Amino acid sequence: MPYNDEHMSYSNTFIQVATDCPVEMGVEPPMKKEGKTAHRIQYELLSQNPYKFTQGELIYAVHLQHKQISDVEREQRGAEIREALFAKNHPCLRASMLPKKHGWGVHYNEEGKIAIYPMESEAYQQFVEAGTHQPDGPKLLFAMRSSRG
163 MPYNDEHMSY SNTFIQVATD CPVEMGVEPP MKKEGKTAHR IQYELLSQNP YKFTQGELIY
223 AVHLQHKQIS DVEREQRGAE IREALFAKNH PCLRASMLPK KHGWGVHYNE EGKIAIYPME
283 SEAYQQFVEA GTHQPDGPKL LFAMRSSRG
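The sequence shown runs contiguously to residue 311 in our numbering.
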């Protein structure tokens, strides 16, 4: 079955940092010796391109970079790569290390396009306030906790 972005994305939703998030402010995910982690790539794509990606587009872009798939290979096998990638389920950004451990709130606009906001920012607080007090404000969700309990 071809991938359909609507089945796995949010709209007008703000994902707050996990209740057990260990940081006090948004921090960049660290680099690894062997290259960038998927979470580092997510961070770079979203911080440099706010509201450019839907969740499906983000998963695909991260996959291409993380697996170091060349532009040539993508041009030749793009549909095959995409089909294989989305044949498996992918967790939503509530499970991402950005809101779980690194202090980033995740906003999905009305079109399901994504931007991230550091937890200490005024914009982060405005999303929480709007979701709490305005009927048309964003739906508020928390990122998944890292620990059980």
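Glycine included, every Cβ here is placed at the ideal spot set by N, Cα and C. Owing to the predicted nature of the structure, the values given are computational and were not obtained by experimental measurement.
Can you grab the Cα-Cα spacing for the pair P192 / E273, in whole Å? 30 Å
Contacts around G188, its chain only, beta-carbon distance under 6 Å, and the 5 residues preceding and following it disregarded: G265, W266, P280, M281
First through last residue of the alpha helix (DSSP H) which encompasses T294: 284-295
Return the bridge partner residues of V268 from the DSSP annotation. I177, I278
Residue ranges of each alpha helix (DSSP H) within the region 203-265, 4 or longer: 217-228, 233-248, 259-262
Report yes if the C-beta distance between P261 and I177 is below 7 Å; otherwise report no. yes
For A241, which residues of its own chain have a beta-carbon under 7 Å away from its beta-carbon, when the five flanking residues on both sides are left out? None.
If you check the beta carbons only, do A200 and H228 fall under 7 Å apart? yes
Assign T181 to one of two classes, buried (16 or more other C-beta atoms within 10 Å of its C-beta) or exposed (fewer than that). exposed
So, is A246 buried or exposed, given that buried needs 16 or more other C-beta atoms within 10 angstroms? exposed
Compare the C-alpha of L207 against each of T294, A285, K275 and name the closest. K275
Distance check for V179 and P297, CA to CA, integer angstroms please. 22 Å
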